[in-house]
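Asks:
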Amino acid sequence: MYSQKIAITFGKFLNQGITMAELDKLQNIVTQTRRDILRMVHDVNSGHPGGSLGCTEFFIALYYEIMNLKDDFDMDGKEEDIFFLSNGHISPVWYSVLARKGYFPVKELETFRKLNSRLQGHPTTHEGLPGIRVSSGSLGQGMSVAIGAALAKKLNGDEHLVYSLHGDGELQEGQNWEAIMYAAGNKVDNIISTVDRNGQQIDGPTEDVLPLGNLKQKFEAFGWDVLEVQDGNNLEAVIKGLNEAKSRTGKGKPVAIILDTVMGHGVDFMMHTHAWHGKAPNDEQLEDALSQNAETLGDY
Amino acid sequence: MYSQKIAITFGKFLNQGITMAELDKLQNIVTQTRRDILRMVHDVNSGHPGGSLGCTEFFIALYYEIMNLKDDFDMDGKEEDIFFLSNGHISPVWYSVLARKGYFPVKELETFRKLNSRLQGHPTTHEGLPGIRVSSGSLGQGMSVAIGAALAKKLNGDEHLVYSLHGDGELQEGQNWEAIMYAAGNKVDNIISTVDRNGQQIDGPTEDVLPLGNLKQKFEAFGWDVLEVQDGNNLEAVIKGLNEAKSRTGKGKPVAIILDTVMGHGVDFMMHTHAWHGKAPNDEQLEDALSQNAETLGDY
Amino acid sequence: MKYTDQGKKDTRSGYGAAMTELGRSHPNVVALCADLVGSLKIEDFIEENPKRFFQTGIAEANMMGIAAGLTIGGKIPFASTFANFATGRVYDQIRQSIAYSNKNVKICASHAGLTLGEDGATHQILEDIGMMKMLPGMTVINPCDYNQTKAATLAIADYEGPVYLRFGRPKVANFTPVDQKFEIGKAVLLQEGTDVTIIATGHLVWPALIAADNLKKQGISAEVLNLHTIKPLDEAAVLKSVKKTGCVVTAEEHNFLGGLGESIARTLAVQHPTPQEFVATQDTFGESGTADELMDKYGLNNKAIEDAVVRVKNRK
Amino acid sequence: MKYTDQGKKDTRSGYGAAMTELGRSHPNVVALCADLVGSLKIEDFIEENPKRFFQTGIAEANMMGIAAGLTIGGKIPFASTFANFATGRVYDQIRQSIAYSNKNVKICASHAGLTLGEDGATHQILEDIGMMKMLPGMTVINPCDYNQTKAATLAIADYEGPVYLRFGRPKVANFTPVDQKFEIGKAVLLQEGTDVTIIATGHLVWPALIAADNLKKQGISAEVLNLHTIKPLDEAAVLKSVKKTGCVVTAEEHNFLGGLGESIARTLAVQHPTPQEFVATQDTFGESGTADELMDKYGLNNKAIEDAVVRVKNRK
Ligand SMILES: Cc1ncc(C[n+]2csc(CCOP(=O)(O)OP(=O)(O)O)c2C)c(N)n1
Ligand SMILES: Cc1ncc(C[n+]2csc(CCOP(=O)(O)OP(=O)(O)O)c2C)c(N)n1
Ligand SMILES: [Mg+2]
Ligand SMILES: [Mg+2]
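Protein chains in written order, with full-length UniProt numbering: chain A, 1 to 300; chain B, 1 to 300; chain C, 1 to 316; chain D, 1 to 316.
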């Protein structure tokens, strides 16, 4: 079961290194996840590969090295770390990681975005998919929910952490800044919110569409402790960054990670452009993309 | 008509002083406005004196010294400066100023918050009250509207400015930060947005309710040019601040004024507390309050 | 009349009183508010349970999201503010993070309708019932007086699932029995009659009773249903009554578009087409004025109900 | 059938095409979008009028406020995004800054209803008609095909006042005459009949025509009204038809709560109580799937309309 691995690796880091062998193993999972993403969106000719591919290392780091998870999924998530995906459109990467961690059968990935599936276009609790605690898809709502869950943990005397992920374009939604202001003002210091700073959104580069500028400065002006992780597609760097963030929790400030990623990472023709934000590859493109990410753990 | 005064004073300042005699005259209007506010809210035993009293100097400065206004009111406001009140609950001060500037009969102030009045609890265009261009009252919407009007001015080649006023508590609404991000990103540099930094909101001091912290730093992190005016209840300081802000327009950045005011200013027992945010004085309290603000121009 | 006013009280104070009780009886109940603690009458809850209260400042969207998050970990959040800011301001947040996510959040909304008075139209939501009833899985409740609001607040704490509870600001007749249990989704037959069914909700229930009384003097026998739960709709009670009387007047402090009246019209159109009249606002915004002035001007009183009854009876 | 599909097209492209024309003909028309330019098909407008386009990023509330502000100075803003984010996300902003302020803003919403498909429930608003119809002064339009969406977009530019225009993503039959002028508030009688009135809007109009055709083969004569304007409601057209046929089926890509169906039920309850059946979603969220799969699963097709007709005829 997925928690086995966790039982072994949990608590191992915190300013410690990770062995090359372990990294290799995780890297294989990263590659397989990319294949899953590509095959899922291709199969239904819809969905969001760009952000998913860019956040793959983050998800693998989080679920395999960072979070302390219980054996079985329950909605309350007491006495374990919990994660919220606010930018719900990158559901493919989450579904792949959840499936391969054992939350539900890997085979079920083939139902993605199809009628009667638990793997809805955007993540939802409505169909009872294990691993998911709130619906997302309409942007800008996830940080508020994560804060609520973090407050519940405090009330419950539960020292585990709450993680959340947000698109950079998503930060244009004002609700985020309500949440950001709230979390700092109320010392919600058991939350680590990561921003997928890929610099892209649907209509183009974020700085063309509506400049976000210096996000570190903005979060800091709102009272957060902010960490910038430059290479968000380097697994080791991501793990290190997340561990560093972890070490900054419990100090009276919420913690943000500005994670520089490349949209479409791992597929050369999808990288550095918003073109693949929400577009699936055709047969030929899929073949090309998969050839750049060789099967490691077996396709679903 | 109200524009006469303007015709004389417009363009006089911009880093210039104001004579003592002129100041005295304006100060008299300030005092009368305070009387109007108090009498209006007392009469209907409802409305918001605290913020109104705190922003009186701002309104008098704006309408008598700063804005360039046309003779007659029209909705489009082309070729004149225009003003938006986002924190609509402080309508009493605006109504008094508009009436005494000639937008509508001073006598009409006595209809405030009564059935069938044009002077609704919160400002509205719905009843056709001259001087008002959009409804407010539901907080957080005014800056977006002001930006829209500023963009229209740019499209129309109209070099006049757009002014807006916002409560400090109001800045907790996320829509403001959407607007703040937009205005900077799109170089809306024909807008001057003032924040009534009275440090109070309904449930208490802003820093207790939900800390706003350093507002200058926040606006600057979002790309605005920010001016702090320490004594927002000193008419000269306010005029100076507004003129300084004016001189900073047209330089590629939206301009914000953080105006330190005292809620309830001018009435000793109303000052420095949120208690009078939305409460009317009783008969005795009114008498006391009016005795601190002697009639100058004649009550309505 | 068989009901007597035990003394005028505001329904929001019924909410506040119940919150105080829930604070003592239900350790998992938490409260949220967006800078309107005094208006929501939850000072006692906060004083007794400071750690179980979350002040979000003027940020209703964030409040709804935090409420959703608090359910994860077993809390039962009561998120409260003015009705406009508890619905229209945050519809999409309620929709996704609460309704579609099936979170056990209680959205508690004061100052609904016209009767908050002088603040005027920006604060007078007349569309909240319509909005909330359209959300799949949402329970929509509009109690009629202090006692019933208190009972409803207690009841929804023990009900699992999202709820919209709507109440108001003015002091109105408090006439339901102090110990009457609140049954979600079950209309209360207040008065039996044979000539017409009056289905009222919220602040219109008391005027409906007065109307029934006045109508009796004119020889018209009106049945009065207190439809405190607009969703799920007690179709059985509605149909039973309407089949007997043959015509219906609905009365609500809401736009006649989208509200309780249209729910009844729909139910009847599908099951038993019946002449109906709507006592409701007529697709206008509200305005400043006292509660009573407004109810009179916008035709939300016993007189309007009586007139509607006469109209609808003639259409049988 | 007397209508022929001129070739399947998406209604949103009708919007885009009209925007291109308005860009050339109406110098005061400006466009806004919240990071969904491609989905709204306004690339041509933007290319030809870069200064008259405002990209707000993912900030719909701000977009609505800016649109309101742009009217001050004489602009005619077309603010466009997905229907969910154009309504529920910004209801209070529309309410105060646009509707209550009576601003000449056109809210143009694509991807309404189920038929946007795979994105699922968070994007599938089925409550927008209900929300927008409850706003005093709002005009609510849901055209049925590419040609009509284009005509409606052109028409609202010349109409003074706030408008909600709702259209969709899938390619559907394009069958209304290419040069048919769009008359706001005037239902189009597509097919005369005597046994039943089918009142359809949006994507349900074409299925309604197919249903009428099939019903004819069974000897049932159905009248079909294209009710493209839900508000103001063409009560005269509705009543005229229903008084003739004696029963009605409403069909809409919307929750049966709060939408067109309830508007009809209300109108009839007050003026002419009539058996009615609702073809609409049954108070559920949507889900992922292709447009066709979803319309079938949720009972929004000609078959569902035919069944409803048979049911309602038996209730006459
Ligand atoms: C409230 C809301 N508005 C608009 C959308 C449509 N939308 C989906 S993804 C997206 C762009 C998101 O940009 P970003 O957060 O940077 O994610 P990325 O494209 O980098 O994956 C938009 C506008 C939405 N889902 N929710
Ligand atoms: C969206 C919204 N939420 C809540 C309210 C209720 N309300 C009116 S004034 C106010 C406090 C405003 O604080 P601030 O902006 O600092 O104004 P001040 O009290 O200083 O006048 C609140 C919460 C409102 N009008 N609009
Ligand atoms: Mg991005
Ligand atoms: Mg303040």
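Using N, Cα and C, we set each Cβ at its ideal position, and we do this for glycine too. Note that the structure is predicted; figures quoted are calculated from it, not measured.
Run through DSSP, which three-state label would residue 53(D) get?
Replies: strand
Asks: For residue 242(C), does the count of other Cβ atoms within 10 angstroms reach 16, so buried, or fall short, so exposed?
Replies: buried
Asks: Comparing C-alpha positions only, which one of 272(C), 209(C), 298(C) sits nearest to residue 4(C)?
Replies: 209(C)
Asks: Can you confirm whether residue 191(A), when its beta carbon is compared against all beta carbons of chain D, has any partner nearer than 8 Å?
Replies: no
Asks: Should residue 90(B) be counted as a contact of ligand 2 given a C-beta to heavy atom distance under 7 Å?
Replies: yes
Asks: What are the start and end residues of the alpha helix (DSSP H) that includes residue 297(C)?
Replies: 291-297
Asks: Anything in chain D within Cβ reach of residue 178(B), meaning under 7 Å, just list it in chain order.
Replies: Counting only Cβ-Cβ distances below 7 Å, residue 178(B) has contacts in chain D at 59, 61, 62, in chain order.
Asks: Would you call residue 282(A) buried or exposed, if buried means 16 or more other Cβ atoms sit within 10 Å of its Cβ?
Replies: exposed
Asks: Just verifying my parser: in three-state terms, what is the DSSP assignment at residue 231(C)?
Replies: strand
Asks: Less than 8 Å between CB atoms is the rule here; does residue 114(A) satisfy it with respect to chain D?
Replies: yes
Asks: Let's test the definition: count the other Cβ atoms within 10 Å of the Cβ of residue 4(A) and tell me whether it reaches 16, buried, or not, exposed.
Replies: The predicted position of residue 4(A) is uncertain, since its pLDDT is 38 and thus under 50; no value can be drawn from it.
Asks: Give the single residue among 192(B), 214(B), 140(B), 161(B) whose Cα lies nearest to the Cα of residue 60(C).
Replies: 140(B)
Asks: When you compare the CB of residue 103(A) with every CB in chain B, is at least one pair closer than 8 Å?
Replies: no
Asks: Is any beta-carbon of chain B found at less than 8 Å from that of residue 122(C)?
Replies: yes
Asks: Looking at the structure shown, is residue 134(B) part of a helix, part of a strand, or coil, going by DSSP?
Replies: Under the three-state reduction of DSSP output, residue 134(B) falls in the coil class, being neither helix nor strand.
Asks: From the DSSP output, read off the bridge partner residues of residue 83(B).
Replies: 163(B)
Asks: By the 10 Å Cβ neighbour count, where 16 or more other Cβ atoms means buried, how is residue 178(A) classified, buried or exposed?
Replies: buried
Asks: Mind checking who residue 255(C) pairs with in its DSSP beta bridge?
Replies: Residue 255(C) is bridged to 281(C).
Asks: Let me confirm a value: residue 178(C) is counted as buried when at least 16 other C-beta atoms fall within 10 Å, else exposed. Which label applies?
Replies: exposed
Asks: Out of curiosity, what's the CA-to-CA distance linking residue 324(D) and residue 40(D)?
Replies: With chain D running from 1 to 316 in the structure shown, residue 324(D) is simply not present.
Asks: Going by the DSSP bridge assignment, what does residue 80(D) pair with across the sheet?
Replies: 33(D), 108(D)
Asks: Strictly under 8 Å for the Cβ-Cβ distance: is residue 212(D) near chain A by that measure?
Replies: no
Asks: Could you tell me whether the Cβ of residue 166(B) comes closer than 8 Å to any Cβ of chain C?
Replies: no
Asks: How is residue 11(A) classed by DSSP in three states: helix, strand or coil?
Replies: The pLDDT assigned to residue 11(A) is 40, lower than 50, so where the model puts this residue is not dependable, and the model offers no usable value.
Asks: List in chain order: all unbroken beta strand (DSSP E) runs of 3+ residues lying wholly within the stretch 221-293 of chain A.
Replies: Listed in chain order, the complete beta strand (DSSP E) runs (minimum 3 residues) inside the stretch 221-293 of chain A are 225-229, 255-260.
Asks: On the DSSP bridge assignment, give the partners of residue 301(D) in chain order.
Replies: Residue 301(D) is not bridged to any residue.
Asks: Just curious, the alpha helix (DSSP H) that residue 76(B) is in, first and last residue?
Replies: Careful: residue 76(B) lies outside any alpha helix (DSSP H) and carries neither H nor E.
Asks: On the three-state DSSP scale, how would you describe residue 195(A)?
Replies: When secondary structure is reduced to three states using DSSP, residue 195(A) falls in the strand class.
Asks: If the criterion is Cβ atoms closer than 8 Å, does the pair residue 99(D) and residue 143(D) meet it?
Replies: no
Asks: Using the Cβ count rule (16 or more neighbours within 10 Å means buried), how would you classify residue 14(B)?
Replies: Confidence at residue 14(B) is low in this model, with a pLDDT of 42, below 50, so the placement of that residue should be treated as unreliable; the coordinate-derived value is given next. Exposed is the call here.
Asks: Near residue 302(D), what residues of its chain come up, given a Cβ to Cβ distance below 6 Å and the 5 sequence neighbours on each side ignored?
Replies: 207, 210, 211
Asks: By DSSP, does residue 28(D) sit in helix, in strand, or in coil?
Replies: coil
Asks: Return the residues of the stretch 199-217 of chain B that lie within a Cβ-Cβ distance of less than 7 Å from chain C, sorted by chain order.
Replies: 201, 202, 203, 209, 210
Asks: DSSP three-state call for residue 1(B): helix, strand or coil?
Replies: Its pLDDT being 35, under 50, residue 1(B) is placed unreliably in this model, and the value from its coordinates should be taken loosely. Residue 1(B) falls in the coil class under three-state DSSP.
Asks: So, using beta-carbon positions, are residue 279(D) and residue 259(D) closer together than 8 Å?
Replies: The answer is no: Cβ separation not under 8 Å.
Asks: Check the Cβ of residue 139(A) against every Cβ in chain D and list those closer than 7 Å, keeping chain order.
Replies: 58
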